[in-house]
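First up is the structure itself, then whatever we jot down about it.
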Amino acid sequence: MTAPPYRSRVRFLLERLSPHRTRIFLLFALICTGIVIHMYSPRYIGLFIDRAAAGAESSLLFVTALLFLTLTMSRQLLVIVVQSLTSDLHWKVTNRLRLDLTRACLRRELAFYHAHTPGELVERIDGDVGRLGNFLSAFLLKVIGNHLLIAGIVAAIFFLHPLLGWVGLLCSTAALLILHRMGSYGTATVKSYMAQSASLLGLLDETLSGREDIRALNGSSYAFSVYYRGLRRLYPVRKQTGKTLAVVLNTGDITLASVMAAMLLAMGLLSVHGSGLSLGTMFQVYYYMTLLLVPLRNIVGEMSDLQQAGASADRVRELLADADNADSKQSGRSFRWNGDDGIPVSFDNVSFGYDGTDPVLRGVSFHIPAGRSLGVVGKSGSGKTTVARLLFRMCDAQHGSVALGGTDVRTLDKDSLRAAIAYVPQHVELFEGTLRDNITLFDSGVSDQRVMEAIALLRLDDWLKAVPGGLDRLIERDGSNLSAGEAQLLAMARAFLRSPGLVILDEATSLLDSATERTIGNAINALTRSRTSIIIAHRVQAVENTDYVLLLRDGQAVEFGETALLARYPSSEYAKWRREAGAGDA
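Okay, so the sequence shown: first residue is 1 according to UniProt numbering, each after it adds one.
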């Protein structure tokens with residue numbers, strides 16, 4: 001049986017808070033101390049009034065007032081300490097949650113990124129966690145503290161007058177039940193608004209990312225119209241969210257007014273019937289009534305935060321739960337291989353489609369012995385890059401099996417599997433940092449000597465000398481101060497720093513000029529020597545020296561065999577492809 005949303009959210013928060021038990025116990029003790037002081041200090045107000053009415057000496061009145069002031073200042077100091085500790089706890093918990101969400105997103109399959117835009121994921125990781133953190137930072141101080149304060153106020157009123165205490169208990173209980181009920185009211189609407197808002201942010205992010213193409217192709221009007229339609233879809237949901245919040249806040253105000261009216265009516269009736277209440281006692285009861293409204297009013301104000309936090313908690317839990325389910329299905333034993341040799345690669349009747357229905361690969365089969373090379377060729381959209389993605393498990397085959405070293409990759413742990421593979425893509429991602437950071441991928445354990453050896457093997461010494469700052473040169477966030485060809489060279493250097501058993505070059509030299517490509521040709525041969533290698537390419541020259549060749553057409557393996565042998569026969573599909581491709585693209 002599924003737990004109610006309120007309970008599941010509380011359990012989620014408690015799980016996140018559990019590593020900080022000591023700090024929470026300290027906060028709880030400080031909050032309780034503050035509540036005790038808060039409850040006890042009004043006693044001196046009533047005492048001051050009764051003593052003043054009885055004509056007590058001014059020195060006694062001064063001491064009474066001083067004690068009240070001391071207790072009030074002590075409580076304020078406790079509030080400052082609690083706020084500081086709570087803020088520190090908030091950042092620790094939310095930063096940990098952001099890391100968990102980022103890790104969960106990075107471990108997902110490719111289909112996940114087809115379903116969620118980068119802007120939407122940023123909103124999940126930062127926006128949802130931020131809203132959840134705003135509530136979490138005040139969870140102890142406001143939620144628990146307010147409930148404890150209400151209990152303490154009702155107990156204090158019981159102590160002064162039992163009948164008024166019962167009235168206060170019934171009113172505060174009814175108010176809390178109503179306010180808690182309103183806390184989950186409309187959460188689905190708020191969640192829908194947040195989901196659509198995140199989707200719109202994702203659209204805006206994509207539009208701004210493609211600003212150069214949009215402006216160059218005069219597509220600004222279309223981009224504006226798409227964004228406008230998104231705003232139009234968002235408007236009614238936002239309007240409904242506003243109505244929901246208005247209902248919550250107005251209900252809260254009516255509830256508070258009803259509590260105050262009931263307490264004043266009870267006190268008035270007792271005064272009329274001669275209950276013996278002194279002026280000081282009546283003022284204390286009134287003071288406690290005003291104090292009772294404070295935590296209730298705080299709870300009303302928290303209803304909006306609670307709804308957003310509830311929706312955010314649901315979205316965060318869904319993302320983490322989906323990632324946990326994906327990891328449980330895709331985790332496996334560590335991949336082990338002989339580091340001196342390459343890794344045998346096999347595809348056995350593999351079929352795969354990104355949407356699960358329309359296949360990109362259909363019944364593809366081939367085998368590469370350890371230490372040999374394979375050229376994968378074919379027209380754009382024939383499924384060449386998908387072959388690489390299946391090998392390092394950015395996605396998994398829906399039919400058939402992909403095996404490394406005779407083991408189905410779906411049974412292997414992703415991290416250990418990818419550690420054995422060096423992948424050099426056509427489009428290289430650069431990160432904000434130094435040139436060294438982008439080559440080592442921020443691995444501080446890689447020495448400059450190893451980096452320079454890789455650069456020397458690539459024959460990039462002269463290029464590095466011409467780079468201002470050398471390895472310490474800062475790379476812009478968008479990589480605009482490096483050319484696409486230079487970025488590919490950096491990706492080559494990344495691969496040289498590893499000791500892989502399988503090297504995959506996916507159009508890895510397509511953005512290099514012919515002279516540079518010839519210059520690093522020997523370096524690529526050194527990288528792939530004694531290792532299994534897969535070279536995905538359009539150009540004939542890139543694959544003519546490979547041991548085997550795989551020709552794909554419309555997702556099917558049209559031909560597979562030894563490259564040199566197939567090239568000899570003019571009637572072979574590979575020979576036809578070579579004639580059609582020539583020295584250019586297929």
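From the three backbone atoms N, C-alpha and C, an ideal C-beta is built for every residue, glycine too.
Residues of the same chain with a CB within less than 8 Å of the CB of LEU551, apart from the 5 flanking positions on each side, are VAL377, GLY378, ALA557, VAL558, GLU559, PHE560, GLU573, TYR574 and TRP577 in chain order. The closest CA to that of GLU318, considering only GLY130, THR385 and CYS105, is found on CYS105. Under the 10 Å beta carbon count, ARG233 is surrounded by fewer than 16 other beta carbons and is classified as exposed. Here the region 484 to 492 lies against the region 425 to 437, with 3 or more beta-carbon pairs under 8 Å apart.
ALA403 and ALA495 have their C-alpha atoms roughly 22 Å apart.
Of the residues assessed, GLN398 falls on the exposed side of the cut-off, its CB having fewer than 16 other CB atoms within 10 angstroms. Around the beta-carbon of GLY46, 16 or more other beta-carbon atoms lie within 10 Å, marking it buried. Note that the C-beta distance between LEU149 and PRO42 is not below 7 Å.
DSSP, read as helix, strand or coil, puts LEU441 in coil. Listed as beta-bridge partners of LEU99 by DSSP are no residues whatsoever. Residue ranges of uninterrupted alpha helix (DSSP H) with 4 or more members, entirely inside the region 381 to 421 and ordered along the chain, are 384 to 391 and 414 to 419. By the beta-carbon neighbour count (other beta carbons within 10 angstroms, threshold 16), GLY55 is exposed. Per the coordinates, the alpha-carbon of VAL82 lies some 18 Å from the alpha-carbon of MET39. Straight-line measurement puts the Cα of SER220 at about 47 Å from the Cα of VAL345. Per DSSP, the beta-bridge partners of SER373 are SER533.
Ranking LEU527, GLY405 and ASP472 by CA distance to the CA of GLU453 puts LEU527 first. Under the Cβ criterion (8 Å, minimum of three pairs), the region 350 to 359 does not count as touching the region 433 to 453.
Here DSSP, grouped into helix, strand and coil, assigns LEU296 to helix.
Between the region 365 to 377 and the region 535 to 552 there are three or more inter-stretch CB-CB distances shorter than 8 Å, so the stretches are counted as touching. At the C-beta level, VAL259 and LEU164 stay beyond 7 Å of one another. Taking the C-beta atoms as reference points, PHE347 is found no nearer than 7 Å to LEU412.
Taking the Cα of LEU505 as reference, the smallest distance to any Cα among ALA456, TYR423, SER444 and VAL451 is reached at TYR423.
Distance from the CA of HIS90 to the CA of LEU27, rounded to the nearest whole angstrom, comes to 13 Å.
Between the C-alpha atoms of ASP547 and GLY406 there is a straight-line separation of about 20 Å.
For the 7 Å CB-CB criterion, VAL409 and ARG389 do not form a contact. In the displayed model, GLN556 falls within a strand according to three-state DSSP.
The alpha-carbon separation between ARG211 and ARG473 amounts to approximately 27 Å. The DSSP-derived three-state label of ASP348 is strand.
With contacts defined by Cβ atoms closer than 7 Å, TYR193 and VAL237 form a contacting pair. Residues of the same chain with a CB within less than 6 Å of the CB of LEU121, apart from the 5 flanking positions on each side, are CYS105 in chain order. Around the C-beta of LYS465, fewer than 16 other C-beta atoms lie within 10 Å, and the residue is accordingly described as exposed.
Distances from the CA of GLU123 to each of ALA198, ALA216 and LYS243 were compared; the closest alpha carbon is that of ALA198. Annotation for HIS367: no alpha helix (DSSP H) segment contains it, though the beta strand (DSSP E) segment containing it runs 361 to 368.
Counted as a single uninterrupted DSSP element, the stretch harbouring LEU505 is not any alpha helix (DSSP H) but the beta strand (DSSP E) occupying residues 502 to 506.
The C-beta distance from ILE368 to LEU391 rounds to 11 Å, too long to fall under 8 Å, and the pair is not in contact. The beta carbons of SER18 and LEU132 sit no closer together than 7 Å.
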